[in-house]
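A quick write-up on the structure given underneath.
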Amino acid sequence: GQNIDQPTEMTATEGAIVQINCTYQTSGFNGLFWYQQHAGEAPTFLSYNVLDGLEEKGRFSSFLSRSKGYSYLLLKELQMKDSASYLCAVRDRDTGFQKLVFGTGTRLLVSP
Amino acid sequence: DTEVTQTPKHLVMGMTNKKSLKCEQHMGHRAMYWYKQKAKKPPELMFVYSYEKLSINESVPSRFSPECPNSSLLNLHLHALQPEDSALYLCASSQGAGNQPQHFGDGTRLSIL
Numbered sequence: 050g051q052n053i054d055q056p057t058e059m060t061a062t063e064g065a066i067v068q069i070n071c072t073y074q075t076s077g078f079n080g081l082f083w084y085q086q087h088a089g090e091a092p093t094f095l096s097y098n099v100l101d102g103l104e105e106k107g108r109f110s111s112f113l114s115r116s117k118g119y120s121y122l123l124l125k126e127l128q129m130k131d132s133a134s135y136l137c138a139v140r141d142r143d144t145g146f147q148k149l150v151f152g153t154g155t156r157l158l159v160s161p
Numbered sequence: 348d349t350e351v352t353q354t355p356k357h358l359v360m361g362m363t364n365k366k367s368l369k370c371e372q373h374m375g376h377r378a379m380y381w382y383k384q385k386a387k388k389p390p391e392l393m394f395v396y397s398y399e400k401l402s403i404n405e406s407v408p409s410r411f412s413p414e415c416p417n418s419s420l421l422n423l424h425l426h427a428l429q430p431e432d433s434a435l436y437l438c439a440s441s442q443g444a445g446n447q448p449q450h451f452g453d454g455t456r457l458s459i460l
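Chains as they are written, first to last, in our numbering: chain A, 50 to 161; chain B, 348 to 460.
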C-alpha cells in the first residue's frame, strides 16, 4: 500500500520562493511525480524523480531522497499564475507500477 | 490545450440515461487511464488499459463500463448513475504503463440529476 502526505494549503508572495514537501511510504518505489492542477483544469506534469537529487526545470525544481521517503517541489520567482494545487504521486508496486497514487495535494495561494 | 482530448466537456444526465465519455490521443501512447476526481480531492484511478487490454479495474461499479476500440481511443459508457457519481472524469495516457509520466485531458464535468 501507499501513504503520501502533503501540507493542505500554503500561501506565498509574488516573487518569493516556496517549497512544497511530500513524504511517502511505499512497499516498492519506482519514481515520484509532481503535477500542477489549476481549479477546474487537468493536472499538468511538472517533474519526475527516480534517483536521489535535484532536478531543475526553469523556475521549478524537484528533489528526492529515497532513504527518507521525502521529496519537495521548489518554486522560484513566484507568479500569480502559480496559484494552483500541486499533487505528489508515486506508482503502486502491487499493480506492477501501473497505478499512480496521488497525495491529497497542496493548494498554493500566491498573493501580490 | 492538452494532447489528450476529451468530449464532452460538460454532461448533465438523469439517473436513467445512458451516455458515453470519449477520450482520444495521437501521441502513440499504449496505456490509457480513467480517473474520477471530486472537488478538492486528488484524482482516483478507475481503469487502466495497456495495449488495448483492460489491466486494472479498481473495483468500479458496473454502471461504469470502459471500452478501448483502438490504441488512440478510450470510452467510458455510463448507465443508471447515482448523484454521488457527479465528478470530473479525467482521461490520461502514457507511453507505457511503467514509469513514464501520464498526460491528462481537460476532463468531462459530469452532473447527475
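By construction, the Cβ of each residue, glycine as well, lies at the ideal position given by its N, Cα and C atoms.
Would you mind telling me which residues of chain A sit closer than 8 Å to residue i, beta carbon to beta carbon, in chain order?
i         : result
Gln453(B) : Gln is not the amino acid found at residue 453(B); the sequence shown has Asp there. Simply Glu90, Ala91.
His450(B) : Phe94
Ala444(B) : Gly145, Phe146, Gln147
Who does residue i pair with in a DSSP beta bridge?
i         : result
Ile69(A)  : Leu122(A)
Gln74(A)  : Asn52(A)
Asn79(A)  : Answer is none; Asn79(A) lacks a bridge partner.
Phe112(A) : Leu103(A), Tyr121(A)
Ala434(B) : Leu457(B)
Val159(A) : Ala61(A)
Cys370(B) : Gln353(B), Leu421(B)
Phe94(A)  : Tyr84(A)
Could you name the residues of chain B that residue i contacts, counting a contact when the two beta carbons are closer than 9 Å?
i         : result
Gly152(A) : Pro389
If the cut is a Cβ gap below 7 Å, which residues of chain B does residue i touch?
i         : result
Leu136(A) : Pro389
Phe82(A)  : Pro448
Compute the distance between the beta-carbons of residue i and residue j, then report whether it is under 8 Å.
i         : j         : result
Ser120(A) : Leu113(A) : yes
Ser116(A) : Glu104(A) : no
Leu460(B) : Asp432(B) : no
Leu122(A) : Thr60(A)  : no
Cys438(B) : Tyr380(B) : yes
Met393(B) : Lys400(B) : no
Gln353(B) : Asp453(B) : yes
Below 8 Å on the Cβ atoms is my contact criterion, and I expect residue i with residue j to pass it. Report the Cβ-Cβ distance as a whole number of Å.
i         : j         : result
Leu420(B) : Cys370(B) : 7 Å
Pro430(B) : Leu136(A) : Rounded, the Cβ-Cβ distance is 26 Å, inconsistent with contact.
Tyr84(A)  : Gly118(A) : Actually they do not touch by this definition, with Cβ atoms about 19 Å apart.
Gly80(A)  : Asn98(A)  : 7 Å
Ser440(B) : Met374(B) : 7 Å
Ala88(A)  : Phe451(B) : Wrong, their Cβ atoms sit about 15 Å apart, outside the cutoff.
Gly443(B) : Ala386(B) : So it is not a contact: roughly 31 Å between Cβ atoms.
Ser40(A)  : Gln86(A)  : The requested residue 40(A) does not occur in the structure, where chain A is confined to residues 50 to 161.
Ala427(B) : Arg410(B) : 5 Å
Does residue i come out as helix, strand or coil in the three-state DSSP assignment?
i         : result
Met129(A) : helix
Arg377(B) : coil
Arg140(A) : strand
Tyr398(B) : coil
Val407(B) : coil
Met362(B) : coil
Gln384(B) : strand
Pro413(B) : strand
Leu149(A) : strand
Ala439(B) : strand
Leu428(B) : coil
For residue i, return the contacting residues in chain A, with the cut-off set at a CB-CB distance below 7 Å.
i         : result
Leu339(B) : Past the boundaries of the shown model lies residue 339(B); chain B is included only from 348 to 460, so the question cannot be answered.
Ser402(B) : Gln147
Listing by chain order, which chain A residues have their CB less than 9 Å from the CB of residue i?
i         : result
Val359(B) : The contacting residues do not exist; Val359(B) stays about 16 Å from chain A at best.
Val407(B) : Those within 9 Å of Val407(B) in chain A number zero; the least Cβ separation is about 13 Å.
Ser397(B) : Gln147
Return no unless some Cβ of chain E is closer than 8 Å to the Cβ of residue i.
i         : result
Leu392(B) : Among the protein chains in the structure shown, which are A and B, there is no chain E.
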